[in-house]
Amino acid sequence: MQREEFIDCCGLNIRKVNLVDLLLSPPMLVAYILLAIGLIGWIEIYHLRFFHHFVNNGDVIKVAGGDPEALKEAGYALKEQIFGLKEVEEVNKAEPWGIFVSQYTYLLYGGSALIFMVALAELFHLKVAPKVAAALMTFGIAMALGGMTSIASDWGNPLNIFWMILNPQPQSGMWLMLPLYSIYIPFTFIEIYFLITNKREMARKFAGVLVILGIIIDIIEFFIQGILFNLNTPRHLWTDIPLLFVYFLLTGALTAVGGAILFSFLALKNKPYFADTISILRKAGLALIVLVGIYEVINLNVVDPKWVSLITGNSPVASMYWTYIIIGLVVPFIFLLFRSRLLNLLGALGIIVGTFFMRQAFIYGGNIVPMTERVPGMGPQANGIYDLAEVKPFAYVPPHAMEVLIIIGCVGVGILIYTILDKLFAVRDVNDHADH
């Protein structure tokens, strides 16, 4: 690119982009298609939440027959339906956590782990790091924002976030995510700013501090996520594994490596450092597969044996789990052993597909046995062992078509965000000649 094709603003080179070229570029067209698919699901779920006959005021009044007490009960039922109160939250058997949360953890953890790994590479002066850091961090933040779109698609969550802001509850693990994200996301953009600025000397002065703080923030994020899942032990005994946040970090990093390899083949294949990038990612993928495999063995030996039986062979979740093990771990490990670019790409695709099934198995597996109130008035209990002979062992609701469409749309959100940032700031090209 020639210098005259950029505008300098606050140390950034902003590319002069023709609006038609920006909006009609091939990646944007792909994003539009995915977003259009997602839009169908978003419209359907919005209609279901707010315009379904159950929440139609006329129907409510008709059912109540004008009786004050009946109207009061109907109004309460209406609030339950819209706002997801205790009695109808996803904690119950009818609506357990599902594919929205699976997609959220898949993209958010993968994107966050990619940012974490790139920050480490920068900190330890890995040779290829300055050339790919801006592109991969931008790709990572796009993944994270796509994941957040998924969780926001459950319309009760934005309302819950609004009320958490109005009524802060610092003792709540979920509330802790609000200030964390308010720091984490802007901070990541600050890191990207220093990576893509042409003032390399200034970037070097601040890069170390920024990278170290970024790593600390990433670790805190995974730690809090681990706390949140551990708080749900009554219905998530499958997730009651040691150092859960480390497991999240390792599995997220594996997703990140798969995504980074695919990204490199699509966006960096013509770069002179492409081969070095793939070589490093291939080795990182092999190491992570081994570490994740070890963790899975630990998981199977520390959680309740009854859960292990259900997860691995006696429930709808078993197919998800074994798809993850075979396609996400075994096959990629074999393919990444070779230096063949084709096999490396196929291994990356296996990781991308397999780790999504891993998130599904993790989320759905946590709901595989519903909570029970064994002591009246005390709520669901975590202590003791469920009697699977008396409690139906499945709390499984297959993803609705609209949910599948929405998570496809969330991928489109990520592609859209990345493409716009890349078009404006040339994140793939700006540091081609950079060196530590």
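Quick note: the sequence shown uses the working numbering, first residue 745, plus one each step.
Here a beta-carbon is modelled for each residue, glycine too, at the ideal position from N, C-alpha and C.
Residue i versus the options, residue with shortest Cα-Cα distance
i     : options                       : result
A1019 : Y1108, L1089, Q847 and F992   : L1089
F860  : T849, G1153, Y928 and N911    : Y928
L1227 : I843, V876 and I956           : Outside the displayed span of the chain (745 to 1180) sits residue 1227, for which this structure offers no information.
A1004 : P930, V862 and V953           : V862
F1228 : G785, S846 and R1083          : This structure cannot speak to residue 1228, because the chain is shown only from 745 to 1180.
D984  : A1031, L1035 and I1042        : I1042
G996  : L1032, G1153 and R1026        : L1032
G1110 : I1071, Y1065 and G1098        : Y1065
L1010 : I781, A1145 and L880          : L880
Y925  : N911, L1035, I963 and L767    : I963
G1094 : A1105, G1072 and L1086        : G1072
Q939  : H1144, Y1108, D1048 and A865  : Per the sequence shown, residue 939 should be read as Leu rather than Gln. For L939, the nearest C-alpha among the options comes from A865.
M1146 : P771, L1168, S897 and I1078   : S897
L852  : A878, I1022 and G884          : G884
A740  : R1103, L910 and I1096         : An answer regarding residue 740 cannot be provided, because it is not within the stretch 745 to 1180 covered by the chain.
G854  : P930, P1049, N1058 and T999   : T999
L1160 : N762, S1059, K760 and L768    : L768
F992  : E1040, V761 and I1069         : E1040
I961  : T882, F973, E935 and S1059    : E935
L1148 : I784, E749 and V761           : It is worth fixing the name first, because residue 1148 is Val in this sequence and not Leu. It is I784 whose Cα lies nearest to the Cα of V1148.
P1142 : L1168, A1105, V1046 and F967  : A1105
K1027 : I1078, G1057 and V990         : I1078
I1096 : I1107, Y1108, F1082 and T1067 : T1067
D1166 : S1008, H869, T882 and T849    : T882
G958  : Y937, G970, F931 and I968     : F931
L1035 : P1060, Y1017, G1091 and V990  : V990
Y848  : N762, Q969 and Y776           : Q969
DSSP-derived helix/strand/coil call for residue i
i     : result
R1172 : coil
I758  : strand
P1016 : coil
N1127 : The predicted model places N1127 with a pLDDT of 39, which falls under 50 and marks its position as unreliable; any figure quoted below should be read in that light. Of the three classes helix, strand and coil, the one that applies to N1127 here is coil, per DSSP.
D898  : coil
G842  : coil
K875  : helix
P770  : helix
R1083 : coil
I1164 : helix
D1048 : coil
F989  : helix
K830  : Because K830 sits at a pLDDT of 43, beneath the cut-off of 50, its placement in the model cannot be relied upon, and the following sentence gives the value as read from the coordinates. K830: helix per DSSP, three-state reduction.
N911  : coil
P1060 : coil
H869  : coil
A1133 : Residue placement at A1133 cannot be trusted, given a pLDDT of 48 that sits under 50; what the coordinates show is reported in the next sentence. A1133 falls in the coil class under three-state DSSP.
M1115 : Below a pLDDT of 50, predicted positions are generally treated as unreliable, and M1115, at 48, falls in that range; the measurement from the model is reported next regardless. Coil at M1115, not helix or strand.
H1234 : Beyond the ends of the chain as shown, which are 745 and 1180, falls residue 1234; an answer cannot be given.
P930  : helix
D962  : helix
V764  : helix
P1076 : helix
Burial state of residue i, where buried means 16 or more other Cβ atoms lie within 10 Å
i     : result
Y790  : exposed
A1126 : Low local confidence applies: a pLDDT of 41 at A1126 is under 50, so the model's placement there is unreliable, and no value is given.
V1155 : buried
N1014 : exposed
I737  : Here the chain comprises residues numbered 745 to 1180, so residue 737 is not present and cannot be evaluated.
L773  : exposed
V1174 : buried
P874  : buried
E1134 : With a pLDDT of only 48 at E1134, under 50, the local geometry of the prediction cannot be trusted, and the value read off the model is given with reservation. Per the 10 Å Cβ criterion, exposed.
I843  : buried
P1076 : buried
L778  : buried
F933  : exposed
D765  : exposed
S1084 : exposed
E718  : A query on residue 718 cannot be resolved here, the shown segment of the chain reaching from 745 to 1180 and no further.
F973  : buried
G1128 : Low per-residue confidence applies at G1128: pLDDT is 41, beneath 50, and the placement is therefore not dependable enough to give any value.
V835  : Note on V835: pLDDT 38, under 50, position unreliable in the model; no value is reported.
S1023 : exposed
L858  : buried
G1057 : exposed
L1025 : buried
Check: residue i C-beta below 7 angstroms from any heavy atom of the ligand NAD
i     : result
V1075 : The ligand NAD is not among the ligands present in this structure, which contains no ligands whatsoever.
Cβ distance (whole Å) where residue i is taken to contact residue j below 8 angstroms
i     : j     : result
G1029 : L1080 : 5 angstroms
L1012 : V876  : 7 angstroms
T1163 : A775  : 6 angstroms
R1169 : R759  : In the sequence under discussion, the amino acid at residue 1169 is Phe, which differs from the Arg named in the question. That pair is a contact at about 7 angstroms.
**Request:** State whether the stretch 1145-1162 contacts the stretch 885-894, with contact taken as three or more CB pairs (one from each stretch) at a distance under 8 angstroms.
**Result:** yes
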